[in-house]
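In this note's numbering, the protein residues as written are 211 to 689.
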């Protein structure tokens, strides 16, 4: 009998706001410890939380994008627990009336379209951060992060492999970034994942005992942690042991999970409505206002690129998965009548290579859409070859000069003069008589070699299409 992995994911996405969920403190990353914690964040007596309205709008955006149910009334509750990084002794979260419930998210893995149900998404505040190693024999607490707005997105336990889990997370990550809900910076903790993992025999309808692997902040760690934890559980069961319901931490250096604490149930937190915060009322008009300006989702954008532009599935995915790249592509499309496939190929290929080498984003690239279009037009009208265009793009990266100016200054124009090309071709045929004879005997692949020699003689400036046509004509005449 084989084993099946059952996975449910809880994603904590930091909402893209400049201030915290219940106070005016900054959410900027990297500030000196405890310089962005107000009286509200510190839970000092006599202060009251006030909801940041932007977090509500961002949550509604997600609800619309995943076709979820947006609550007409939602409440905040106190989740009670004692931990050093939570000075209040409780976390303000949502329990029985979350802002979003019953959504769906589609993703693709190995060419197969899949859909996962999302149980709920609720608003809550982040805790502070424990700093180990700052002081000998002591742990320091930084409360800058305390009160940072989070949207916790909880999936149903419907994922059946670590790779599926990663592809689901990548799709969600892409969606949140595209909508502007979260910047998705995993290194800074803006997008973190807890994985609930259990195993069962494939024919067993009952779910196994789950463990929760906390705070996974890279897609690679998610895949490795799930695979390790599933294998560990199978080994424990097959040796006659019992899986404990517990919270575990993943150690990426050792590639293993280890016990952190026993896993609490909801009643252990003694949830109750927060008396300092009024219920949230969300009207149909409010939802309609958000829906009116909702950006296109990556999933719908991919479908549109396939249908309207005829690009490949792979190219559509790359273009749509990055908000900056899709904007760049569409600006190029608006500014020209060039082939969408040509534009996509150059963005994904040569331009991306320059960007990766320079460690900048496409939105900061010195090759703005207008400049790329100008290069591609030179290919289409025969002014330069594709090989020369690659060289030209590199020169433009380091220069403010136009494509026309650089082509003139560097002498990059393609040779399309019939008389000149005929001379070079004639000389080539004279220099390689044995290859000409091979062509005459039916070895047509020799044509590529002969064309290559002409390109070599002209230092790559000859028009390849013209060279090929003229070469074929000369070879026919010599037979």
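Cβ coordinates follow ideal geometry from the N, Cα and C atoms, glycine included.
Excluding the 5 residues flanking residue 244 on each side, which residues of the same chain have their C-beta closer than 7 Å to its C-beta? The residue you call residue 244 lines up with position 34 of the chain shown. Answer for residue 244: 352, 353 and 354, listed in chain order.
Once the 5 residues before and after residue 229 are set aside, which same chain residues still bring their CB inside 7 Å of it? Residue 229 sits at position 19 when you count from the first residue of the chain shown. So the qualifying residues of the chain are 235, 236, 237 and 262.
Grab me the residues of residue 452's own chain with a C-beta within less than 8 Å of its C-beta, minus the 5 sequence neighbours each way, in chain order. Residue 452 sits at position 242 when you count from the first residue of the chain shown. Answer for residue 452: 419 and 446, listed in chain order.
What is the DSSP secondary structure of residue 469, counted as helix, strand or coil? Walking along the chain shown from the start, residue 469 turns up at place 259. In the structure shown, residue 469 sits in a strand (DSSP, three-state: E or B).
What is the residue span of the beta strand (DSSP E) that residue 398 lies within? If you number the chain shown from 1, residue 398 lands on position 188. No beta strand (DSSP E) contains residue 398, which DSSP labels as neither H nor E.
For the pair the region 558-571 and the region 595-604, tell me if three or more CB-CB distances fall below 8 Å. As far as the Cβ criterion goes, the region 558-571 touches the region 595-604, which means the pair count is three or higher.
So what does DSSP say about residue 426, is it helix, strand or coil? One-based indexing of the chain shown puts residue 426 at position 216. Reduced to three states, the DSSP call for residue 426 is strand.
Taking residue 375 and residue 432 to be in contact with their CB atoms under 8 Å, please state how far apart those CB atoms are, rounded to whole angstroms. Start at 1 with the first residue of the chain shown, and residue 375 comes out as number 165. Start at 1 with the first residue of the chain shown, and residue 432 comes out as number 222. Right, the Cβ-Cβ distance comes to about 6 Å (below 8 Å), so this counts as a contact.
What's the call for residue 422, buried or exposed, on a 16-neighbour Cβ count within 10 Å? In the chain shown, the residue the question calls residue 422 occupies position 212. It is buried - the Cβ of residue 422 has at least 16 other Cβ atoms within 10 Å.
Stretch-stretch touch, CB-based, cutoff 8 Å, three pairs: the region 642-656 with the region 615-624: no
Let's see if you can read the secondary structure: which residues bound the alpha helix (DSSP H) around residue 332? Taking the chain shown and counting its residues from 1, the one referred to as residue 332 is at position 122. Careful: residue 332 lies outside any alpha helix (DSSP H), inside the beta strand (DSSP E) at 322-335.
Give the secondary structure of residue 286 by DSSP, where H, G and I count as helix, E and B as strand, and everything else as coil. Reading the chain shown from its first residue, position 76 is the one you call residue 286. Here residue 286 sits in coil by DSSP.
Three-state secondary structure (DSSP) of residue 169: Lying before the first or after the last residue shown, residue 169 is absent from the chain, which here runs from 211 to 689.
When DSSP labels each residue in this structure, what does residue 314 get in the three-state scheme? Working through the chain shown from its first residue, we reach residue 314 at position 104. Three-state result, residue 314: strand.
How about residue 287 and residue 481: do their beta carbons lie closer than 8 Å? For the purposes of this step, residue 287 is identified with residue 77 of the chain shown, where counting begins at 1. For the purposes of this step, residue 481 is identified with residue 271 of the chain shown, where counting begins at 1. Yes. Within cutoff.
Can you tell me where the beta strand (DSSP E) with residue 176 in it begins and where it stops? Absent from the model: residue 176. The displayed extent of the chain is 211 to 689, so no value can be given.
Taking Cβ positions, are residue 233 and residue 357 nearer each other than 8 Å? In the chain shown, residue 233 corresponds to position 23, counting from 1. In the chain shown, residue 357 corresponds to position 147, counting from 1. Yes.
Expressed to the nearest angstrom, what Euclidean distance is found between the alpha-carbon atoms of residue 573 and residue 364? For the purposes of this step, residue 573 is taken as the residue at position 363 of the chain shown. For the purposes of this step, residue 364 is taken as the residue at position 154 of the chain shown. So the alpha carbons of these two residues sit roughly 32 Å apart.
Quick one: is residue 278 buried, meaning 16 or more other Cβ sit within 10 Å of its Cβ, or exposed? Numbered from 1 along the chain shown, position 68 holds the residue referred to as residue 278. Classification for residue 278: buried.
Can you give me the Cβ contacts of residue 213 inside the same chain, cut-off strictly under 8 Å, excluding the 5 residues immediately before and after it? Within the chain shown, residue 213 is the residue found at index 3, counting from 1. The residues are 409, 410, 411, 412, 440 and 444.
Using the Cα positions of residue 276 and residue 328, report the straight-line distance between them to the nearest angstrom. As a first step, residue 276 is located in the chain shown; it is residue number 66 there, counting from the start. As a first step, residue 328 is located in the chain shown; it is residue number 118 there, counting from the start. So the alpha carbons of these two residues sit roughly 8 Å apart.
Which complete beta strand (DSSP E) runs does the region 522-605 hold, if anything under 3 residues is left out? none
Suppose you measure from the CA of residue 302 to the CA of residue 449; what does that come to, to the nearest Å? Here residue 302 refers to the residue found at position 92 when the chain shown is read from its first residue. Here residue 449 refers to the residue found at position 239 when the chain shown is read from its first residue. Their Cα atoms are separated by approximately 42 Å.
Which residues DSSP lists as bridging residue 411, in chain order: Residue 411 sits at position 201 when you count from the first residue of the chain shown. Bridge partners of residue 411: 213.
Is residue 354 helix, strand or coil by DSSP? Translated into positions along the chain shown, residue 354 becomes position 144. For residue 354, the secondary structure class from DSSP, reduced to helix, strand or coil, is coil.
When you compare the CB positions of residue 219 and residue 369, do they come within less than 8 Å of one another, or not? The sequence position of residue 219 within the chain shown is 9, counting from 1. The sequence position of residue 369 within the chain shown is 159, counting from 1. In this structure, residue 369 lies closer than 8 Å to residue 219 by Cβ.
Can you round the beta-carbon distance between residue 265 and residue 315 to whole angstroms, since I take them to be within the 8 Å contact cut? Position 55 of the chain shown, counted from the first residue, corresponds to residue 265. Position 105 of the chain shown, counted from the first residue, corresponds to residue 315. Wrong, their Cβ atoms sit about 21 Å apart, outside the cutoff.
Does the region 511-528 come close enough to the region 306-313 that 3 or more CB-CB pairs lie under 8 Å? These segments do not touch.
Just to confirm my understanding: we take residue 239, look at its own chain, exclude 5 residues before and 5 after, and list those with CB closer than 6 Å. What are they? Reading the chain shown from its first residue, position 29 is the one you call residue 239. So the qualifying residues of the chain are 398.
Can we say the region 549-557 touches the region 580-597, given the rule of at least three CB pairs closer than 8 Å? yes
Quick one: what does DSSP say residue 487 is sitting in, helix, strand or coil? The sequence position of residue 487 within the chain shown is 277, counting from 1. Residue state, collapsed to three classes: coil.
Between which two residues does the alpha helix (DSSP H) containing residue 478 stretch? Your numbering for residue 478 matches position 268 in the chain shown. No alpha helix (DSSP H) contains residue 478, which DSSP labels as neither H nor E.
Thinking just about the alpha-carbon of each residue, which of 260, 227 and 267 is nearest to the one in residue 495? As a first step, residue 495 is located in the chain shown; it is residue number 285 there, counting from the start. Residue 267 is the option with its Cα nearest to residue 495.
Here's the rule I'm using: 16 or more other beta-carbon atoms within 10 Å means buried, otherwise exposed. How should residue 570 be labelled? Against the chain shown, residue 570 aligns to sequence position 360. Exposed, by the Cβ-count rule.
Cβ separation of residue 217 and residue 406, assumed to be a contact under 8 Å, to the nearest whole Å: Within the chain shown, numbered from 1, the residue matching residue 217 stands at position 7. Within the chain shown, numbered from 1, the residue matching residue 406 stands at position 196. So it is a contact: roughly 7 Å between Cβ atoms.
Could you give the C-beta distance for residue 336 and residue 361, rounded to a whole number, given that I count them as a contact under 8 Å? Within the chain shown, numbered from 1, the residue matching residue 336 stands at position 126. Within the chain shown, numbered from 1, the residue matching residue 361 stands at position 151. Residue 336 to residue 361, Cβ: 11 Å. No contact.
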